[in-house]
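Here's the structure we're looking at; comments come further down.
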Amino acid sequence: MKPPLLDALKQRTLLGDGAMGTQLMLAGLEQGNCGEAWNLTHPERVLAIQRRYAEAGSDCILTNTFGGSRIMLNRHSNADKAVAINQAAVAIAREAFNGRAGCSDGYVIGDIGPFGGLMEPYGDFTKSDVRAAFNEQARALVDAGADAIIIETQTSLEELLLGIAAAREAGAPCIIGSMAYDVTLDGSTFRTMMGVNPERAAEFMQKHGAHIVALNCGTGMDMERARQAVLRYRKVTDLPVMVQPNAGQPKLVAMKVVYDETPEQMVAGVAPLLEAGANIIGACCGSTPEHIRAFRKALDSYEKGRDESRRAQRAPRQDCLRHI
């Protein structure tokens, strides 16, 4: 029986998955359509994507529910299917881990993305609206058996708090808060669109019950910036850290958004992330199973080298003991 996610992190670094949205579009989803609805209408296509991540070596897979709140689904006339869509997503992600030796004990992370609007007084949605939507989604994910809930791509602490509270109320065994940072124009630092810096975010998440602090997506947040974010998190919290940077900067090519950072380019940043103290490493927009496969090799190589170094350091002490 697999240990809880937080216990597993005490033993080893885990590998996350990569992008879902861009993979869905490659599988035939038209831009602007509801990818989450595919959990019901095209589950085999969602499963094929997530199975490729499992086969590439992912220990954790996020459910296909980034836009799975009632508010987001209502834009596609799918609000009445919110519970079914989220529960199907957990089953699909769980199935993705089956059929590969050593992979059936992977972790399914229920994904809650932004609700996609602004709350009063800046927008049309009340706090009660958002709370109800997040509560419904979190409950559906937890009831379906998700090992953790991630509230991701967050830019404001107010919305993040509603997501953390919803996950806690639903009884999530592990809660992950993930912020989307943007590098400032002068390149000197990074913060969310709402002006939240990593230190403030980490302290806030720890105070309000998150078990893991994370970052994903954002503008200019490459592997090196992700490493810097890990170090800044580490200054103010001892919670585990998860990182999911994009595969480079988006470019518009032939009216399509393209991310052009290759697996070979991204993987160079894996070891520095590990040395900085990252506990879960995955990737976000534009990444592919090939990126995750490269991450897997780098992660295994790093841990093998670390274990060999530890054995070498112990060896002289053992030799001395034999001569006493």
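Its first residue numbered 6, the sequence shown is counted upward by one per residue in our numbering.
Virtual Cβ for every residue (Gly too), placed ideally from N, Cα, C.
Here the structure is a predicted model, which means the values were calculated and not measured.
Check	Outcome
Residue from Ala283, Pro294 and Lys261 with nearest C-alpha to glycine 37	Lys261
Selection from Arg136, Ala93 and Glu266 that minimises the alpha carbon distance to lysine 256	Glu266
Proximity to valine 218 [Cα-Cα], best of Met199, Glu269, Glu229 and Ile285	Ile285
For proline 119, three-class secondary structure by DSSP	coil
Residue closest to arginine 301, alpha-carbon to alpha-carbon, out of Leu19, Arg232, Pro9 and Glu41	Leu19
When Leu29, Glu280, Ala252 and His213 are compared against methionine 226, the one with the closest alpha-carbon	Ala252
Counterpart residues of valine 258 in DSSP-defined beta bridges	Lys261
Buried/exposed call for arginine 311, threshold 16 Cβ in 10 Å	exposed
Three CB pairs or more closer than 8 Å across the region 64–83 and the region 91–98	yes
At least three beta-carbon pairs within less than 8 Å, the region 265–282 to the region 33–48	no
Supposed contact pair proline 178 and aspartate 152 - C-beta distance, whole angstroms, cut 8 Å	7 Å
contact_flag[the region 43–62, the region 191–206] where n(CB pairs < 8 Å) is 3 or more	no
Status (buried if at least 16 other CB within 10 Å, exposed otherwise) for glycine 121	exposed
Distance between beta carbons of proline 277 and tyrosine 58, contact taken as under 8 Å	Tyrosine 58 to proline 277, Cβ: 23 Å. No contact.
Beta-ladder partner(s) of alanine 153, from DSSP	Ile114
Environment of leucine 123 [buried if 16+ CB atoms lie within 10 Å]	exposed
7 Å CB neighbourhood of methionine 199 in its chain, flanking five on each side removed	Thr160 and Ser161
Continuous beta strand (DSSP E) assignments of at least 3 residues falling wholly in the region 24–50	none
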